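Peer 1: Residue numbers (UniProt numbering): 1 to 293. Every residue, glycine too, gets a C-beta built ideally from N, C-alpha and C. As the structure is a computational prediction, the values presented were derived from the model and not from experiment.
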Amino acid sequence: MRSPSPEKDRTERYLITYADLMNLLLILFIVLFCTTSHDIVKTSAVMQAIKSGFVGGGQAAYTSSTSSKNGSENNAKASTNADDYSDFYNQLIALLSERQILDKVDITAKNNEVVISLKDNVLFAPGKADLSSDAVSLLTTMGNLIKNIKFGQIAIEGHTDSDPIHTYQFHDNRELSLARAYRVSKVFEDCGLDPKKILPVGYGEYFPVAPNTTPENKAKNRRVVISILKRGITPADEVISTDDIKKLNNSSSSSSTTSSTSSTSSTSSTSSTSSTSSTTSSSGISSNTSSTP
1 MRSPSPEKDR TERYLITYAD LMNLLLILFI VLFCTTSHDI VKTSAVMQAI KSGFVGGGQA
61 AYTSSTSSKN GSENNAKAST NADDYSDFYN QLIALLSERQ ILDKVDITAK NNEVVISLKD
121 NVLFAPGKAD LSSDAVSLLT TMGNLIKNIK FGQIAIEGHT DSDPIHTYQF HDNRELSLAR
181 AYRVSKVFED CGLDPKKILP VGYGEYFPVA PNTTPENKAK NRRVVISILK RGITPADEVI
241 STDDIKKLNN SSSSSSTTSS TSSTSSTSST SSTSSTSSTT SSSGISSNTS STP
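Structure representation (C-alpha cells):
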C-alpha cells in the first residue's frame, strides 16, 4: 500500500488553515455587527456632510447635536419674541378701535420695529403741548402694553406743519414739536418704562409726509410718531468718548500756546535785530560827523 504523497498532504493542511481563518473572520464581523448600533440619521447626516464638502465645495451640512439644540433654543426665543410683538400689535388695534380713533392712527409693523403715527389732534390742542385727559389715558394704556414686550429703544418724534408759530411759550415749530414728544415720553416713564430707552425728538416742519399746500396735507404733517425698536441705539458718547474730546481740546490748546510762544519769540527776535541795526547806524553817523573838519 502506497503512503500519501507529501505534496497532497501539504495542500490539504493549507486548505484547513484557510478555512479556519475564514470562519474566524466571519465570526468577527458578525460580532461587530451585533454590538454596533446603526444610527441611520447620523449616517445620512455624515454622508450629506461629505457630499457637501467634496461636491458642493461649501460648508458641511452635518452639525453636532449640541449645535442643533442651541439652534432650536434660539429659534424658540425668536418665535416667542415674534409672538409677543404679534400680540402687542393685535392688542393695540383693539385699543384704538375701542377708543374709536383707529382712523387717526397709522400702524406699520416691520422686522425690527413697530411704528405708530398719531395725528396731533388725538393728543394735543392746536399750538399746544399739554396732553388732554383722554390722551393721557390712551398713552398710559399703550405704555402698559409696551411693558409686555422686549424692546431696545422707543423713539418719539414730534412733527408740525409749515405754518409759523411764535408765542410766549414756543418760539418756533421745533420747540413745539419737541415739547410734545417730551410730554409723551413722560407718560411712558410714569408707566414704568426705562427712561434710558426713551428718546424724544422734535423735528418741527422739516420732515413732512406730504407737501404743505393744502389743509389736508398739513393735517397729515402734524403728528407724533412712536417707533418701538427691537434693538437699541448706540449713544454718541460710546462712539466718541468724552475723554477723547477732552484730549483733543487739550492738544488744540497746547498747539495754540506753542504757536503763540513761537510768534512772540520771533517778534522779540525781530525787534531786537531792528534795534541793534538802528544803534549801529546811529553810531556810524556820529563818528562820521565828529571827523568832519
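Going by C-alpha distance, which of THR160, LEU176, PRO200 is nearest ASN212?
Peer 2: In the sequence shown, the residue the question calls residue 212 occupies position 212. When only C-alpha atoms are compared, the closest one is THR160.
Peer 1: Would you mind working out which of SER117, MET142, SER86 sits nearest GLY192, comparing C-alpha positions?
Peer 2: Here residue 192 corresponds to residue number 192 of the sequence shown, with the count starting at 1. That would be MET142, whose Cα lies nearest to the Cα of GLY192.
Peer 1: Does the distance from the C-beta atom of ASP194 to that of LYS150 stay below 9 Å?
Peer 2: For the purposes of this step, residue 194 is taken as residue 194 along the sequence shown, with counting starting at 1. For the purposes of this step, residue 150 is taken as residue 150 along the sequence shown, with counting starting at 1. Their beta carbons are not under 9 Å apart, which means ASP194 does not touch LYS150 by this criterion.
Peer 1: If you run the structure through DSSP and keep just helix, strand and coil, what is ASP161?
Peer 2: Reading the sequence shown from its first residue, position 161 is the one you call residue 161. Of the three classes helix, strand and coil, the one that applies to ASP161 here is coil, per DSSP.
Peer 1: Please name the residue, chosen from GLY232, LEU199, THR214, HIS166, that lies closest to residue 296 on a Cα-to-Cα basis.
Peer 2: Absent from the model: residue 296. The displayed extent of the chain is 1 to 293, so no value can be given.
Peer 1: Would you mind stating whether ARG231 and ASN112 have Cβ atoms separated by less than 9 Å?
Peer 2: Indexing the sequence shown from 1 puts residue 231 at position 231. Indexing the sequence shown from 1 puts residue 112 at position 112. Closer than 9 Å, so yes.
Peer 1: Ignore the nearest five residues each way along the sequence and tell me which others in VAL114's own chain have a CB closer than 6 Å to its CB.
Peer 2: Position 114 of the sequence shown, counted from the first residue, corresponds to residue 114. Here the set comprises ILE228.
Peer 1: How should GLY152 be labelled, buried or exposed, when 16 other C-beta atoms within 10 angstroms of its C-beta is the threshold for buried?
Peer 2: Taking the sequence shown and counting its residues from 1, one reaches residue 152 at position 152. Exposed, because fewer than 16 other Cβ atoms sit within 10 Å of the Cβ of GLY152.
Peer 1: Taking the straight line between their C-alpha atoms, what separation do you get for LEU139 and PHE188?
Peer 2: In the sequence shown, the residue the question calls residue 139 occupies position 139. In the sequence shown, the residue the question calls residue 188 occupies position 188. One C-alpha to the other measures close to 7 Å.
Peer 1: Just the C-alpha distance for SER132 and LEU176, rounded to the nearest angstrom, thanks.
Peer 2: Taking the sequence shown and counting its residues from 1, the one referred to as residue 132 is at position 132. Taking the sequence shown and counting its residues from 1, the one referred to as residue 176 is at position 176. So the alpha carbons of these two residues sit roughly 16 Å apart.
Peer 1: Measure from the alpha carbon of ALA129 to the alpha carbon of each residue in PRO215, ARG180, LYS186, then state which is nearest.
Peer 2: For the purposes of this step, residue 129 is taken as the residue at position 129 of the sequence shown. The shortest Cα separation from ALA129 among PRO215, ARG180, LYS186 belongs to ARG180.
Peer 1: Please name the residue, chosen from GLY127, TYR168, GLY204, that lies closest to ARG174 on a Cα-to-Cα basis.
Peer 2: Within the sequence shown, residue 174 is the residue found at index 174, counting from 1. That would be GLY204, whose Cα lies nearest to the Cα of ARG174.
Peer 1: How would you call PHE207, buried or exposed, if buried means at least 16 neighbouring beta carbons within 10 angstroms?
Peer 2: Sequence index remark: in the sequence shown, residue 207 carries index 207 (1-based). Burial call: exposed.
Peer 1: For SER269, which residues in the same chain have their Cβ closer than 7 Å to its Cβ, ignoring the five residues on either side in sequence?
Peer 2: By 1-based counting over the sequence shown, the position of residue 269 is 269. Any answer about SER269 is weak, because its pLDDT of 48 lies below 50 and its placement is not dependable; what the coordinates show is given next. Here the set comprises nothing.
Peer 1: Would you kindly report the start and end of the unbroken alpha helix (DSSP H) that includes ARG183?
Peer 2: Residue mapping note: residue 183 aligns to position 183 of the sequence shown, counting from 1. From DSSP, the alpha helix (DSSP H) with ARG183 extends over 173-190.
Peer 1: Indicate whether ILE156 and GLY127 have their beta-carbon atoms separated by less than 9 Å.
Peer 2: Numbered from 1 along the sequence shown, position 156 holds the residue referred to as residue 156. Numbered from 1 along the sequence shown, position 127 holds the residue referred to as residue 127. Result no, Cβ atoms of ILE156 and GLY127 do not sit closer than 9 Å.
Peer 1: Look up THR214 in the DSSP assignment and say whether it is helix, strand or coil.
Peer 2: Counting from one through the sequence shown, the residue named residue 214 turns up at place 214. Of the three classes helix, strand and coil, the one that applies to THR214 here is coil, per DSSP.
Peer 1: Which residues in the same chain have their Cβ closer than 6 Å to the Cβ of ASN217, if we skip the five residues on either side of it in sequence?
Peer 2: Here residue 217 is taken as the residue at index 217 of the sequence shown, counted from 1. For ASN217, where only same-chain residues beyond five positions count, the Cβ hits under 6 Å are ALA210, PRO211.
Peer 1: I'd like to know if TYR206 contacts chain D, where contact means its C-beta is closer than 9 Å to some C-beta of that chain.
Peer 2: No chain D appears in the structure shown, which is made up of a single protein chain.
Peer 1: Just confirm the distance between the C-beta atoms of ASP106 and SER117, as a whole number of angstroms; I'd bet it's less than 8 Å.
Peer 2: Counted from its first residue, the sequence shown places residue 106 at position 106. Counted from its first residue, the sequence shown places residue 117 at position 117. Sure, about 4 Å apart at Cβ, within 8 Å.
Peer 1: For GLY204, report the span of its beta strand (DSSP E) as first-last.
Peer 2: As a first step, residue 204 must be located in the sequence shown, where it is residue number 204. Counting along the chain, the beta strand (DSSP E) containing GLY204 begins and ends at 198-204.
Peer 1: Quick one: grab the DSSP three-state call for residue 298.
Peer 2: Any answer about residue 298 is impossible in this case: the structure gives the chain only from 1 up to 293.
Peer 1: What are the start and end residues of each continuous alpha helix (DSSP H) run of 4 or more residues lying completely inside the region 76-123, in chain order?
Peer 2: With a minimum length of 4 residues, the continuous alpha helix (DSSP H) runs that stay inside the region 76-123 are 120-123.
Peer 1: Tell whether a beta-carbon distance below 9 Å holds between LYS119 and ARG222.
Peer 2: The sequence position of residue 119 within the sequence shown is 119, counting from 1. The sequence position of residue 222 within the sequence shown is 222, counting from 1. Yes, these two residues count as a Cβ contact at 9 Å.
Peer 1: Is GLY158 near VAL122, with beta carbons less than 9 Å apart?
Peer 2: One-based indexing of the sequence shown puts residue 158 at position 158. One-based indexing of the sequence shown puts residue 122 at position 122. The answer is no: Cβ separation not under 9 Å.
Peer 1: Which residue wins for smallest C-alpha separation from residue 295, given the options GLN100, ASN148, SER97, PHE124?
Peer 2: Not covered by the structure: residue 295. The range shown for the chain is 1 to 293.
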